[in-house]
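Quick notes on the structure that follows.
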Amino acid sequence: MVQNGGTCLYKEARLNIEPAYPGSTIVFSIPTHAPFGVRGTVKRSLITEHYADKDEEAFTRRHLATDGSMYFRQHHAYPRSFLWRVLDNRKMLEIQSTDLDHDFADKFEANLTLLFQFPAEIRPFCVAFAEPADRDALSVFVITTNNELYTMTLHRDFFSTPAASEQEPETWCKRFEPALFSGRIPYRLVAESPEELLVTLDDGAICRLIWDKANNTWDGARYQQSNWSVRGLLSWKAQPTVRFENADFAVSAAAAVAISPNKQHILSVCLDHSIRAWNIASGKPGAHVDLLGADDFALEKSQASYSIGPSQSMLMTVVDGLGGPGGAEYHIVTYSPKQHQFKFWGVRDADDQDHGFYDAAQDSELIPPIDELMNTTVWTLEEFHVIPGPGWRGSEIWIRARSGPSSKVYSLKFDLTDFADQRTQTWKSDWVSVDSGPLTVEALKMNPANPSERELEPDEEVSDQWIDFLFYPGRFTIATLETALLICKRGSERVRSSRSSNRGSLKERLSATIVTLAVEHSPQTEDLSKAIIAEWQAYWSLVKDLHKRRGESLSLVYDRATDRPWLVLSDHLSAIRNCSESEVTTLNAAAISSQRVLSKPLRQTLDTSESRDVARLLNAAASFRQRLPSFVQQQVQRHMEMDLLQSRNITILDRMEWIEVNSELSQHVTDEDVTVLVEELGMEVKDLGTETFLRAIKKLDYEHDGRPQSRKQIARYGLSALSSVSKETLENDHNALLDLLVLLLFMFIELEGETHDEWDASEVFAELLLRYKDCMVVSWLARTVWAHQSMTGQASEQLYRMLGETYKTQKLPISQTVLEGIYGLRAFEVLLPKDTKAGLLTHWSRGWLSFIFREHDFENVVEDIMGFLLAQQEYDLAMDFSKFLPEGHWASYLKGRMHLALGESALASLCFQKPAYTMALGPMFDVAEEDTAGLVSEVERNSFSEGLARYYSHVIGLFEKAKAYSYVADFAKLGLRCLMGQEDEELKTDLLQRLFTASIQTARFHDAYSALIRHSDTALKTSDLQTLITTMVTASQTPTLLTFPFVGLSDAVDTILTSLCQKTLNLASGPPYHQILYSFRISRNNFRGAASILHERLQRLKTTSSKIHDPADESLAQIYLMIINTLSAVSKEDAYILAEQRMESSGAGGGLNWGIGQGKKLLKRQIVTLDTLRKEYQEELDRVAAIESGQFPFVETEDGMDIL
C-alpha cells in the first residue's frame, strides 16, 4: 500500500506569467451588440502594464485566473504551445505562446500577450481551440452568457509582430447566435476542428455545428432523445435536474463529449452517470452503459438516485487504434466520481446498444488511492490523461486530485494486459507523486534565506536580507510586491505624504515605506530596529497571502508531442519534470532510511545497492547538519567560503582543522545526534569509506551523452524554465555538498584513528572543495540580475535592438540574470539524450550548469565571466564578483579595468603594472584566447606580447579614456623607459606626445618640457612648444617658463611669443606677452629686441589705452624708463631700435582718416634712437604735469596741444 504520500519522482518548475517586456500586451475590446462588419468595432490598444498603485481587487482581476489550460498545435512548428486564462470576472481571455524553443533562423519570437475583453462573461467549459489546416493560425471559440459564439482566427504573426493585428477586425473575429442555442444554455464546448464544433446543452441535447463556407455561418444538427430512460419510462420533463451556474440542468446533459476516431459517432458522458454513443449519420442513439458497468436496472436506478456534479471538469478521454484485449476498434477511458473508479471501455461497434462497449479491464478496481496519498476522506478528481503504450503495455496515466484547497498531481505506469489481481495491485501501490517545488508558501517558509523564519538580531542588516529574499529572480512577480506595498501603505498618512516612499525604484520605495511605518509606530529610537523587523514581517504576510492565491491549481494538461505534462495555476505555469537522483533521495528520505522494502518505482530509480547506500549517506548527512544549531551551520559555511576565497600555503588537513575549530562544530554534536546518524546510515560512522563519499559527490555530475541541438534557439519560457530549474539544482547541490562537508569534518576530528583503513579524508575534502567552488560561482550568476541584457538568440537580438531604439538606452526594461545573459545563447550546445520526455528540464539544467566548467578550468571560466561583466559595463557587479578571481595575470588586468571604471585609478595602476611583463613579453600569453568577452578591440590586441612599451601604450589609452592624466603620464614614462635604440620611432613619438599632453593636463610642466625637447618631429615640437607656452602663461607659471633653457628652440620661442603679442587685443586684461617676451630677450642678452617689444607695447598703449589721460597712471613713463634703461645697456652705436609708426594722413575734415584695410599701408618703419626716447620721455612728463596743473586743451589740434 501507499505510504506517506507515495513515492515522489517528479517536481514542478513553476514559472511566473508576466509580459515579455513593456508594451508586449495587446488588448482587444469587443463591443456589445455591434456587427463585426462595421469598421473599427473591435478596439485594439497596445498597453504597457503598470503595477504600481494597483489594489488587491485590480490584482485579482488582472492576474488571478479562474480558469485556464493549454493548447498544443500539431501541424505547425512555431508557435505550437499556447497558454490561455480567463480573467477579470470571466470577461477577459488571455492567450500567449509558451514554447520552450524555436528554430534558430526565426527572426522574431512569439512573445506578445493577447487580451480579449468580451462584453459578457465567458461560460464555464466554453472555451475551445483548434488548428486550421490551410493556414498557420490558431482558431479560438468562445461562448458567453449571452449565448453568443465568438470565433477568432489568429494568425501566428499576432503573437510575434504587433503590426500584424492591426488588420480589420472582421477578417479574423466574428460573432454568431446559432439557432440551435435558442432558448437553451450551452454547457460544454469542444472543437474537433476549425469547421466542426460540439456543444452540449442544459436539456441534454448535443449540437454538432458545421461551418457553412457558402453562407458564412454555422449550421448543424441536434442530437437528443426525448426519453432518456433505458426502458423509455421517464420523459424529459420528469427528469431530475441539478443546479449549475444559477440554472437547472437535466441529468441527461452531457458533461463530456467527443467524436469517435472513425468519425462515425458522437461519444458522451452524461450527468446521469452513463456513457452513450450517437450515430452521426442517422442521428440514432447507440451503445449506452453505466460508467461502472451496472446492468439496465441498476443503471436506471442509478440515474434516478445519483448524478455527477456538473462542475466536474473531466470524465472521458478517447484513445485511438490500439487493439489490445478484446479486439476493440478504439477505447474510451472514463472516470466515475461515484466510486472514484476508472474504466477502460473497448469499443467494437458503437451502434450496438447491448454489446458495443465492453470492459477491457474486467474484474479490476482501478481506483487511485488518493485517500491514503493525500490523507483525506473527501476528494475529487479534476483531470486525467492516459498515455497508452503499444498494445496497452507500458501505459501511463496522469491525474490531478483535489481535497479542499489542496491539489496534487500523481502518475502511474501500468499494463492493461496484466492479470486482474496484478492490475489491481499496481493501481493500489505504484503511484508516484509530483512535488510542488520551492515556490509554494510552505516551501518558502522552509527556505533558509527567508528572514521570517530566523531569529533576527536588531543590529543585523534586516532590510538587505528581506530585499534579497523578496527580489530573488523568479520568486515573486513585480505585481505581487507592488500590490502588497500598496496595501501596506494604506491607512498611513505619513507614508502617503512621504516623498521617499512614493518615488524611486520598487526596492527604494519598499525600504522607505518600511522605515516610515516603523518610525510612525515606534517613535522611540531604541525600539526602531525591532519595529523595522515587525514591519517587514507584516509586509511578508501580505506578500504570502497574495502569493498563495497565485498558486491555485486550475488544470493538468499533457503535451503528447513531447510527452511532457504541464500544470496551469492561477498565476503560474508549471512544467512537471523528472527529479534527478539526488532529488529523489531527498524527497523520499523517510522511505530510503527505513528498513522496509522500497516501492517498485523507487526500486527502479535506485536500481543498485550502491545507489541506496549513497542515498542513505546523503540523507543522513542532511539530517545531521539540520540538527545542528543554525549559527553553527552558518559558521561552517562562512569559514568554508573564506577558505576558498583566499590563497594560503597550508595543507588540506590544516584547512579542515581550521574550518572545524573556527566553527566549533564538534562542540555542538550530542550523543543523540550520533545515535540518529548511525540509524539513518544503517552502519557505524567509522565504517564509511572514501568511495561512498566520492560516489555521493559524483551524483551531482552530468553524463554528457547525446547531441547538441544547434538548429534551435531558446524562447522566453524556455529560458525561464531552464533558469528556474537550474537555480533549484544549484540550491540542492549546495546543500548536499555542505551536508557532506559537515559530516566529513565531524569524522575527521572525532573519529581520528578509528575510521576505515581506506578512509582518506583529504581526498574527499579536496573533491568537495572543487565542487563547492564551482557551485558558489554559478549560484552567484543565477541569483544576480544585471541591467545590460545580452541576446540569447537571433530573435532576442532583434527585440533588444527594437527596445534600444525605443528607450534610447542600453538598460532595457527586461529582467535577466547574469547566468541567462552569458550562457543563454549557448543553451542548445548542451548534449541532451533522445526522448527525455518529462526529464528534459532536469537533464537540460544539469547539463547547462556543468557545461560552464566542462571545457575550461575554474580560473579561465571565472576570468571569462569577469570579462563579460566588464564588457556589459556592469562595474558594481564586477566588483562583487572579483572575490572569485584567482591570482593570475589576466585576472589582475581585469581587476585593473574594473578599478579604472569605478574611478579607483591608484588600484587600477597597481593591477596593470603587476602582470605587465607576462602580458607584454610572455611567450605563453595570447590575448585572443584570454579575452573571450571582446573587452580588448582587435586593434588594441596588437599591443600585447609586443613589448612593454606597446603594452604600456595600451594602458595609457585606458587612462586617457578615464581622463586620469596623472597615470597617463606615469605609464608614458614607463613606456619610454622600456624603449630601446632600435625601437619604432613612431611609438616613441606617440609616447612622448601622450606624456606631453598628460603633463600639460596635470600641470607637470617640467615633464612636459622634457617630453617636448625629445621630439624628433619638428612640426609636432613647434606645436607643443606653443601649447606649453600658452598653458604656462595662463597658469601663471611664467617664472618657471623662463627658467627652461630651450636649447635650440630660442628662435621658435621668440617667434611664438612675438605672434602672441600681436594677437593680444586687450593689453590691460590679456596675458602680459610683451613683458614675457621682454624678459625672455633680456635673459638671452637681446637688449635691443627687448627694447623693441616694449616700444611696440608703448605705441599700442598710446593709441588704445584710455588711462593715458589719467595723471595718476604712470604706465607710459615706466615703459619709457625700461626702454631707456635697456638701450643704455648696449654701446652707443647700437642704442637704437627699428620701430613701425603710423603715418599721419589728412582728410577733408582734418585729422586721421584711414580707410578699411589701409592700416598696414600707413605704417612707416623708422629708427628710434636713445636720444629720441629720452626726448619723448620728457614730453610725457611735461604732458602729465600740464594735466595735473589744469593746463590741457579743450580740443585736439593738428599742431599738438595748446596750453592755456
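For the sequence shown, counting from 1, position 667 maps to 678 in our numbering; every step adds exactly one. Glycine is no exception: its CB is placed at the ideal position from the N, C-alpha and C atoms. Note that this is a predicted model, so its numbers are computed, not measured.
In three-state terms, what does DSSP make of residue i?
{"i": "E207", "result": "strand"}
{"i": "G231", "result": "strand"}
{"i": "D446", "result": "strand"}
{"i": "I1214", "result": "The predicted model places I1214 with a pLDDT of 41, which falls under 50 and marks its position as unreliable; any figure quoted below should be read in that light. Coil."}
{"i": "N238", "result": "Annotation note: pLDDT 43 at N238 (below 50); position unreliable, coordinate value reported separately. N238 falls in the strand class under three-state DSSP."}
{"i": "I1011", "result": "helix"}
{"i": "E695", "result": "coil"}
{"i": "Q352", "result": "strand"}
{"i": "D331", "result": "strand"}
{"i": "H854", "result": "helix"}
{"i": "A1197", "result": "helix"}
{"i": "P576", "result": "strand"}
{"i": "S40", "result": "strand"}
{"i": "K224", "result": "coil"}
{"i": "M385", "result": "coil"}
{"i": "H767", "result": "coil"}
Does the ligand ATP have even one heavy atom less than 6 Å from the beta-carbon of residue i?
{"i": "E177", "result": "What this structure holds is no ligand at all, so the ligand ATP is not there to describe."}
Return the first residue and the last residue of the alpha helix (DSSP H) that residue i is part of.
{"i": "E531", "result": "517-532"}
{"i": "F642", "result": "641-655"}
{"i": "D684", "result": "682-692"}
{"i": "C1072", "result": "1061-1074"}
{"i": "C590", "result": "Taken as a continuous stretch (DSSP letters only), C590 belongs to no alpha helix (DSSP H), as it is neither H nor E."}
{"i": "F480", "result": "473-481"}
{"i": "K500", "result": "489-500"}
{"i": "K456", "result": "452-457"}
Please state if the CB of residue j and the CB of residue i are separated by a distance shorter than 7 Å.
{"i": "P449", "j": "E739", "result": "yes"}
{"i": "L384", "j": "W403", "result": "no"}
{"i": "L481", "j": "D66", "result": "no"}
{"i": "E493", "j": "Y62", "result": "yes"}
{"i": "V389", "j": "M327", "result": "no"}
{"i": "D214", "j": "A261", "result": "yes"}
{"i": "A747", "j": "V625", "result": "no"}
{"i": "H532", "j": "A523", "result": "no"}
{"i": "E393", "j": "S324", "result": "yes"}
{"i": "L896", "j": "V873", "result": "yes"}
{"i": "A266", "j": "L278", "result": "no"}
{"i": "T156", "j": "F129", "result": "no"}
{"i": "Q805", "j": "I825", "result": "no"}
{"i": "D370", "j": "G297", "result": "no"}
With respect to the beta strand (DSSP E) encompassing residue i, which residues constitute its N-terminal and C-terminal limits?
{"i": "P296", "result": "296-301"}
{"i": "F260", "result": "258-261"}
{"i": "E23", "result": "18-27"}
{"i": "Q548", "result": "It is not in any beta strand (DSSP E) - Q548 instead sits in the alpha helix (DSSP H) that spans 539-561."}
Inside the region 67-149 only - beta strand (DSSP E) runs reaching at least 3 residues: Entirely contained in the region 67-149, the beta strand (DSSP E) runs reaching 3 residues are, in chain order, 78-83, 92-98, 103-108, 112-114, 124-128, 133-141.
Inter-stretch contact at 8 Å, needing at least 3 Cβ pairs: the region 713-722 / the region 88-99: Contact fails: fewer than three Cβ-Cβ distances are below 8 Å.
Given 8 Å, three or more beta-carbon pairs between the region 669-684 and the region 556-565: Segments in contact, no.
The region 869-878 in contact with the region 753-769 per 3-pair CB rule at 8 Å: When Cβ pairs closer than 8 Å are counted between the two stretches, the region 869-878 is seen not to touch the region 753-769, the count staying below three.
Length-filtered (3 minimum) beta strand (DSSP E) runs lying within the region 911-997: Correct list: empty.
The region 132-142 touching the region 201-218, judged by at least three CB pairs closer than 8 Å: The region 132-142 is in contact with the region 201-218.
Contact between the region 863-873 and the region 904-924 (3+ Cβ pairs under 8 Å): Taking a cut-off of 8 Å on C-beta distances, the region 863-873 does not touch the region 904-924, as fewer than three cross pairs fall below it.
Alpha helix (DSSP H) segments (min. 4 residues) lying fully within the region 1011-1059: If only complete runs of 4 or more residues are kept, the region 1011-1059 shows the alpha helix (DSSP H) at 1016-1024, 1029-1045, 1049-1054, in order along the chain.
Stretch pair the region 793-812 + the region 746-755: three plus CB contacts closer than 8 Å: The region 793-812 and the region 746-755 do not touch, with fewer than 3 CB-CB distances between them shorter than 8 Å.
Three CB pairs or more closer than 8 Å across the region 658-677 and the region 727-741: Taking 8 Å as the limit for Cβ pairs, the verdict is that the region 727-741 does not touch the region 658-677.
Validate contact between the region 764-774 and the region 453-461 using beta carbons, cut 8 Å, 3 pairs: Short answer: they don't touch.
At least 3 beta-carbon pairs within less than 8 Å: the region 988-1002 vs the region 1033-1043: Contact fails: fewer than three Cβ-Cβ distances are below 8 Å.
In chain order, each alpha helix (DSSP H) run of at least 4 residues that lies wholly inside the region 807-854: Segments of the alpha helix (DSSP H) lying fully in the region 807-854: 829-834.
The region 187-194 in contact with the region 102-113 per 3-pair CB rule at 8 Å: Too few Cβ pairs lie closer than 8 Å, so no.
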